[in-house]
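Protein chains: 2
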Amino acid sequence: MTIKEIVLKNRSYRRFHQDVRIDFNILKELVELTRLSASGGNIQPLKYILSFESEKNERIFRNLAWAAYLKNWPGPVEGERPAAYIIVMGDKKLKDSFGYDPGIAVQSMLLGAVEKGLGGCIIGSISKDSLRKDLNIANQYEILLVLALGKPKEIVIIEPLGPNGEIRYWRDDDGVHHVPKRSLEELIVG
Amino acid sequence: MTIKEIVLKNRSYRRFHQDVRIDFNILKELVELTRLSASGGNIQPLKYILSFESEKNERIFRNLAWAAYLKNWPGPVEGERPAAYIIVMGDKKLKDSFGYDPGIAVQSMLLGAVEKGLGGCIIGSISKDSLRKDLNIANQYEILLVLALGKPKEIVIIEPLGPNGEIRYWRDDDGVHHVPKRSLEELIVG
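Laid out in structure tokens, this is it:
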């Protein structure tokens, strides 16, 4: 696949074939992609917790909030939940703030996941104190993002902005997820 | 190429074949990759200025600082400078802060550039007030990053950390650029 094909296939998926397991080596291969990616000042302050077993997955899942714009949808039901997670953390012993590194890292990992027939969602809405407690995460690490991963079980369609420039994604009666995207012309200034 | 091959080839290049031009359509294709990438809350607040002509390139170049760790190297000489730039900005009319979007965006663009035989460097050390004045950038836009692009004219090698965990990149007598990277084991917690 070309990068464009992979980027196109890399939608934010929130429902998965939960029974399709993702093993530790796959997750390590994704972290390897971030290891080889750019880092501000080459400090490489990001650290990762990998989860692919159901009990640990559940401890992560319960600390996540899903799809802010889908008011009547509390998140994926049992059977459609992520098969794995990568928790992205900043090591405060190495740096105070983590700048653009987390965005670079998750994009590398997601594109790598898509190439493997997987997909995921970058989740920033996390009960961080509770997750820290549930996973016994040392204070040295600032919890930044959670990458939820699995074999996607939903169709996601990109479409132009709605009336009045509406950017909120929505789900139709068939369960298809629609994501309005600004036009290329709107993104380029001058 | 696989994602891993592209990520491996995607080093931070700072010297280029300046005479190998990059045209407007190539830059637009790179921005298209960010248009199709994830954005926090799907707000899509990033905007881009594209530059591929020598006079505009020069106005950008003079506002950038290069390679903090190479103390005796002020940046690429004429003939080895970037052939194009993409200035990544946040539209403050859409959002106050831009979170992980810029990192996601530049990684999409860089991987796309590598696939086209190009390469680049994410530059965060920018004389922003001066760049704003030189390019007449409206206050609505917060200047976040500059992506410098061109056909790479240097060899960049990844190697393990130096003694005492040294992470500073360095250039050897042959002009080869060495970048120490932490091990995978160091990145995975638990």
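If you read the protein sequences in the order shown, they are chains R and A. First residue of the first sequence: 896, per the working numbering; consecutive thereafter. First residue of the second sequence: 896, per the working numbering; consecutive thereafter. Every residue, glycine too, gets a C-beta built ideally from N, C-alpha and C. Since the structure is predicted, the reported quantities are computational estimates derived from the model, not experimental observations.
### Query
From what residue to what residue does the beta strand (DSSP E) around Leu965/A run?
As a working mapping, residue 965/A is identified with position 70 in the second sequence. Run containing Leu965/A: none; DSSP gives neither H nor E here.
#### Entry: Any C-beta of chain A under 7 Å from that of Gly998/R
Working through the first sequence from its first residue, we reach residue 998/R at position 103. Yes - at least one Cβ of chain A is within 7 Å of the one on Gly998/R.
### Query
How big is the Cα-Cα spacing for Tyr995/R and Val1071/R?
Translated into positions along the first sequence, residue 995/R becomes position 100. Translated into positions along the first sequence, residue 1071/R becomes position 176. Their Cα atoms are separated by approximately 32 Å.
### Message
Quick check: the Cα distance between Ser992/R and Gly985/R, rounded to an integer number of angstroms?
### Response
Taking the first residue of the first sequence as position 1, residue 992/R is located at position 97. Taking the first residue of the first sequence as position 1, residue 985/R is located at position 90. Between Ser992/R and Gly985/R, the C-alpha separation is close to 8 Å.
### Task
List the residues of chain A that Lys1046/R touches, going by C-beta distances under 9 Å, in chain order.
Position 151 of the first sequence, counted from the start, is the residue given in the question as residue 1046/R. Ordered by position in chain A, no residue passes the 9 Å Cβ test against Lys1046/R, which lies about 18 Å from the chain.
### Query
What's the call for Gln1035/R, buried or exposed, on a 16-neighbour Cβ count within 10 Å?
Counting from one through the first sequence, the residue named residue 1035/R turns up at place 140. Label assigned to Gln1035/R: exposed.
### Query
CA-CA distance, His912/A and Cys1016/A?
Numbered from 1 along the second sequence, position 17 holds the residue referred to as residue 912/A. Numbered from 1 along the second sequence, position 121 holds the residue referred to as residue 1016/A. His912/A and Cys1016/A: Cα-Cα distance of roughly 14 Å.
### Query
What residues from chain A crowd round Lys1076/R, counting only those whose CB sits closer than 9 Å?
As a working note, residue 1076/R is residue 181 in the first sequence. By Cβ distance, chain A contributes Arg930, Leu931, Ser934, Asn937 and Gln939.
### Message
Looking at chain R, is there any beta carbon in it that lies within less than 7 Å of the beta carbon of Tyr995/A?
### Response
Here residue 995/A corresponds to residue number 100 of the second sequence, with the count starting at 1. It does: the Cβ of Tyr995/A has a partner Cβ on chain R nearer than 7 Å.
### Query
Quick one, are the C-beta atoms of Ala1043/A and Pro977/A less than 7 Å apart?
Taking the first residue of the second sequence as 1, we reach residue 1043/A at position 148. Taking the first residue of the second sequence as 1, we reach residue 977/A at position 82. Their beta carbons are under 7 Å apart, which means Ala1043/A touches Pro977/A by this criterion.
### Task
Tell me whether Asn1059/A is buried or exposed, calling it buried when 16 or more other Cβ atoms sit within 10 Å of its Cβ.
Your numbering for residue 1059/A matches position 164 in the second sequence. Exposed: under 16 other Cβ atoms inside 10 Å.
### Ranges of the alpha helix (DSSP H) found wholly within the region 997-1041 of chain A, counting only runs of at least 4
1023-1030
#### Entry: Lys988/R versus Gly1085/A - alpha carbon distance
In the first sequence, the residue the question calls residue 988/R occupies position 93. In the second sequence, the residue the question calls residue 1085/A occupies position 190. Going by the C-alpha atoms only, they are around 17 Å apart.
### Query
Cβ of Tyr1093/A within 7 Å of Cβ of Tyr1064/A?
Not covered by the structure: residue 1093/A. The range shown for chain A is 896 to 1085.
### Task
Would you check if the distance between the CB atom of Glu953/A and the CB atom of Arg910/A is smaller than 7 Å?
As a working mapping, residue 953/A is identified with position 58 in the second sequence. As a working mapping, residue 910/A is identified with position 15 in the second sequence. Taking 7 Å as the Cβ cut-off, Glu953/A and Arg910/A do not qualify as a contacting pair.
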